[in-house]
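J.: Below is the structure I would like to discuss, written out as structure tokens.
Protein chains in written order, with the working numbering: chain A, 321 to 904; chain B, 151 to 585.
Next up, the structure:
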């Protein structure tokens, strides 16, 4: 007997929370209308930004819709390609390196192609420019999401596959009933991270210079960019508050409920890493509209899964020959697949060769002095990245352990750290830059500080997670044996968090390389401040339209990031994981 | 250290109360006025069901925990910090995966600042004592559970402390390994080859308690307290099959049974009489049904310990099931026997739907479920939030962990189709049988 506790919608006693739901729905509809208007509007490459506070809500809606659309696109991309990579060996061999490379290309690397291409397609409306912007945000969000989904799919236990085969689920049913729920928790967490990744480069995605021409789309990112450019502190402050409101709002209305909801799909008992807000729970429970939608959804959804499965009628002869037929079919199918697979690989190879030749064409345009410049810049940025990692480690390890070892402190600090991590650091750069100026620190060192500002959170997050997992029994043993604080840190705490620390450092390193394009090259008070480095080189090449230099420096970044990942991090991670991971 | 006086307890808990803060912010009393002493040359066993505060007692003795009220003494001196007379062995081994066996053991010597060769000598001695020679270089993940626990013992022995505290060290091991290790540890203590003067052992295994303990404290739960003290002066080694050991096991069984399913209701002074609510034992209703079927197979009469043996279950668990069945009037428990009532017999013979109905009716006779049902029917829409329900239970049964009681209530209520629970919105609701 199935009894549901979903209360019937009752429109006679409209709950006050329904008002809030209506408000949210109205906001959604209004936002869509405004966005549609903007898209179909006459092309306006350089939108004039109004720096008054009253313009902020509309800009907020524009940015929110761009980021959300980019996110939906990322989700779709992740589901399709993560699925393919996890289910087909050949696809995996192509998609994984593709993610690796994609992840190492900073947002700006996609800019010229997207903007020039899409603007030539849509010459009359803003649509092309908007799409380019959304796709740029997308490139900042998509990679970790795809990778997360891929690894969750890979992690589906064997028994679940066997069960699905046993009850003969179709691939779609299996996907919806087994694979997607299994990945839900990871997807939800990484969606949050992806959104943060999207916000990070908002200033660049909405306001950029390409080949000497200025482009600007209305939004919080360009509001901030213009405020920074003009050195308008008041406007910077306003934009800052608007971004925080937006991030907190999304967190409150979207991410927390989703993450809490997906927790049920976890096989293991996960520590409560994200606290549910009672208010949203109330909203979901008490709102008649939510309940009504829920019921509607049930009605639409139910036949797909809960209805009787259509059984193929099978004649006796069919059943008699079934074993042979299956054999034959499976072989044919395999043949098809092999042909298909070969074709797929061949196409991919051709594409890669064609792409490389294009890049080489570009690279031919690089002069010897430019090549030296690229090398020098790469080394300088590498130094900054390393310094960044060292400093992150130095402060996050003690702090993360101090917080993580006490449940009370963890409860207090976690939300703060989460907010800090999701705030787009580039928006704070001018303020930090002023402080650095005041201290007499130039951008050469200062850009390292700016990079640090954005990426230290990854390390802190991971250290914190590791610290909360340190076993109580071991801590008691150390106490009882009478080991000193130093010994406990050296022999218990630090080794225990090493696997987490390495994970955090890998992410942070990638983030730091990407962040260098904004940290080494900034617009501030109507002038460009830059220092030598690979990030600055990429930004400058884009702004000037020197595409061969851009291709060269992008290639340098991809090679260094992917190379270091493969040659150094993978090995370090394997070693640490083998030696320092506790058995589960 | 002073020459110790054997009449002065090595550790003493005086009027100790302990409470913890639950996640919901309520306080749960886990120890209620506990007094116990550990003397030289004894194996003190704390025996009891889960929730009886055994582990808490051990942590208080080791100085890892400060009591909420009362005091803990070591040789008549109040313990302020960690008790450095104590070494501890855990059920989960608690070994560092990145250190090999020898280094894991040597960890126990680190704070002493000994010379390298003395460290090596003492580590070697400890490793020899537990029979780990040849495994010095191995890492924990290469070892079986039994070998891992030997490393745990070696780490405790190397410290040469007078009190060895054992927190269910054998329960994660298979039966044979556990038996061997128990004997070896007992031998180490009997032969005085080590610094160990006394052992404190926590267990819920009666046979283990009888074979090792020289004094056995039977603990009761909610809140944890010492119910009985049993002195065990049988000579070591104790063979399970001898009559004297068997009869002691019997006695302890009776005591435990009596504390879980008393023959006569406990006399409680009227002033202390609570609300008359009885907490449901934390067992699964499906298991209770299976349990009743087995009793029926045995002719409708069995004793908990034969059953436990037969079902390879923990005997405490069986007793809790008997208690659950007794609450529903399916069994009587005269003199430690479990006897099916007429209702119980009818239940076993009934089909699934009849059974559900009988459990439904049984639950409606219980004051807790009855009142809870009443509350639900009076609330709007016949439903109530989890938090509110837990608060209600807390008021009715202040000494129980209300979250546990809530879970049991839901589980039973679902089985009897009395109420249901929706985890999506955390609501209990009356099951009206619509489907």
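Every residue gets a Cβ at the ideal spot worked out from N, C-alpha and C, and that includes glycine.
Only a predicted model underlies this, so the values are computations on that prediction, with no experimental measurement involved.
1) Report yes or no: do the region 856-864 of chain A and the region 693-707 of chain A share at least 3 C-beta pairs separated by less than 8 Å?
2) Since residue 821 of chain A and residue 782 of chain A should fall inside the 8 Å C-beta cutoff, what is the C-beta to C-beta distance between them, to a whole number of angstroms?
3) Which term fits residue 280 of chain B, buried or exposed, when burial requires 16 or more other beta carbons within 10 angstroms of its beta carbon?
4) Give the residues of chain A in contact with residue 500 of chain B, contact being defined as C-beta atoms less than 7 Å apart.
5) Work out the CA separation of residue 769 of chain A and residue 777 of chain A for me, nearest whole Å.
6) Using three-state DSSP, classify residue 717 of chain A as helix, strand or coil.
7) So, residue 555 of chain A versus residue 748 of chain A, is the Cβ gap smaller than 7 Å?
8) For residue 924 of chain A, return the contacting residues in chain B, with the cut-off set at a CB-CB distance below 8 Å.
9) Report all residues from its chain with a CB closer than 6 Å to the CB of residue 543 of chain A; omit the five preceding and five following residues, and keep chain order.
10) Starting from residue 408 of chain A, trace the alpha helix (DSSP H) in both directions and tell me its first and last residue.
11) Residues in its own chain within less than 7 Å of residue 547 of chain A by CB, not counting five upstream and five downstream?
12) Return the bridge partner residues of residue 315 of chain B from the DSSP annotation.
13) Give the interface partners of residue 303 of chain B over in chain A, defined as CB-CB distance under 9 Å, in chain order.
14) Which chain A residues are close to residue 242 of chain B, counting only those with a beta carbon under 8 Å from its beta carbon?
15) Leaving aside the five residues before and after residue 586 of chain B along the sequence, list all residues of the same chain whose C-beta is less than 7 Å from its C-beta, in chain order.
16) Cβ atoms of residue 780 of chain A and residue 265 of chain A: under 7 Å apart, would you say?
17) Could you give the DSSP three-state label for residue 846 of chain A: helix, strand or coil?
18) Since residue 204 of chain B and residue 352 of chain B should fall inside the 8 Å C-beta cutoff, what is the C-beta to C-beta distance between them, to a whole number of angstroms?
19) Using the C-alpha atoms, what's the distance from residue 175 of chain B back to residue 447 of chain A?
20) DSSP on residue 527 of chain A, reduced to helix/strand/coil?
21) Are the beta-carbon atoms of residue 571 of chain B and residue 560 of chain B separated by less than 7 Å?
22) Helix, strand or coil: how does DSSP classify residue 265 of chain B here?
23) Measuring only the C-alpha atoms, how far is residue 493 of chain A from residue 392 of chain A?
24) Could you confirm whether any beta carbon from chain A is found closer than 7 Å to the beta carbon of residue 203 of chain B?
25) Quick one: what's residue 534 of chain A bridged to in DSSP?
26) Check the DSSP bridge columns for residue 195 of chain B and list the partner residues they point to.
27) Spell out the partners DSSP gives residue 520 of chain A in its beta bridges.
28) Rounded to whole angstroms, what is the Cα-Cα separation between residue 242 of chain B and residue 306 of chain B?
29) Please list the terminal residues of the continuous beta strand (DSSP E) segment that includes residue 743 of chain A.
30) CB residue 374 of chain B to CB residue 202 of chain B, shorter than 7 Å?
31) For residue 200 of chain B, go through chain A and note every residue whose CB falls closer than 7 Å to its CB, in chain order.
32) Using a beta-carbon distance below 7 Å, is residue 312 of chain B in contact with chain A?
33) Are at least three pairs of beta-carbons, each pair with one atom in the region 840-850 of chain A and one in the region 793-802 of chain A, less than 8 Å apart?
34) Here's a check: name, in chain order, each residue in its chain whose Cβ is nearer than 6 Å to the Cβ of residue 361 of chain B, leaving out the five neighbours to either side.
35) By Cβ distance below 8 Å, which residues in the same chain neighbour residue 633 of chain A in space, the five residues on each side in sequence not counted?
36) Given 8 Å as the limit, is there contact between the region 532-539 of chain A and the region 347-354 of chain A, that is, 3 or more CB pairs closer than that?
T.: Result, derived from the coordinates:
1) yes
2) 6 Å
3) Sixteen is the threshold: when 16 or more other Cβ atoms of the shown chains lie within 10 Å of the Cβ of residue 280 of chain B, as they do, the residue is buried.
4) The premise fails here: residue 500 of chain B is roughly 18 Å from chain A at the closest Cβ pair, so nothing lies under 7 Å.
5) 13 Å
6) helix
7) no
8) Absent from the structure is residue 924 of chain A, since the part of chain A shown begins at 321 and ends at 904.
9) Sequence-distant Cβ neighbours of residue 543 of chain A in its own chain, meaning closer than 6 Å and more than five residues away, are 369, 379 and 559.
10) Element bounds for residue 408 of chain A: n/a, residue is neither H nor E.
11) 371, 555, 556 and 559
12) B:238 and B:350
13) In chain order: nothing, as chain A lies at least about 13 Å away.
14) Residues of chain A passing the Cβ test: 791 and 793.
15) This structure does not reach residue 586 of chain B, given that chain B is present from 151 up to 585, and the question cannot be answered.
16) An answer regarding residue 265 of chain A cannot be provided, because it is not within the stretch 321 to 904 covered by chain A.
17) If DSSP states are grouped into helix, strand and coil, residue 846 of chain A belongs with coil.
18) For a cut-off of 8 Å, the C-beta gap from residue 204 of chain B to residue 352 of chain B is around 5 Å, short enough to register as a contact.
19) 54 Å
20) strand
21) yes
22) coil
23) 22 Å
24) Not one chain A Cβ lies under 7 Å of residue 203 of chain B.
25) A:529
26) Beta-bridge partners of residue 195 of chain B (DSSP): B:351 and B:366.
27) In the DSSP output, where bridge partners are listed per residue, residue 520 of chain A has none listed.
28) 14 Å
29) Element bounds for residue 743 of chain A: n/a, residue is neither H nor E.
30) yes
31) Going along chain A, no residue has its Cβ under 7 Å from residue 200 of chain B, so there is no contact; the nearest lies around 17 Å.
32) no
33) Between the region 840-850 of chain A and the region 793-802 of chain A, the count of Cβ pairs shorter than 8 Å is below three; the stretches do not touch.
34) Contacts found: 388.
35) Because the pLDDT at residue 633 of chain A is just 42, under 50, the model does not fix this residue reliably, and the point stays unresolved.
36) no
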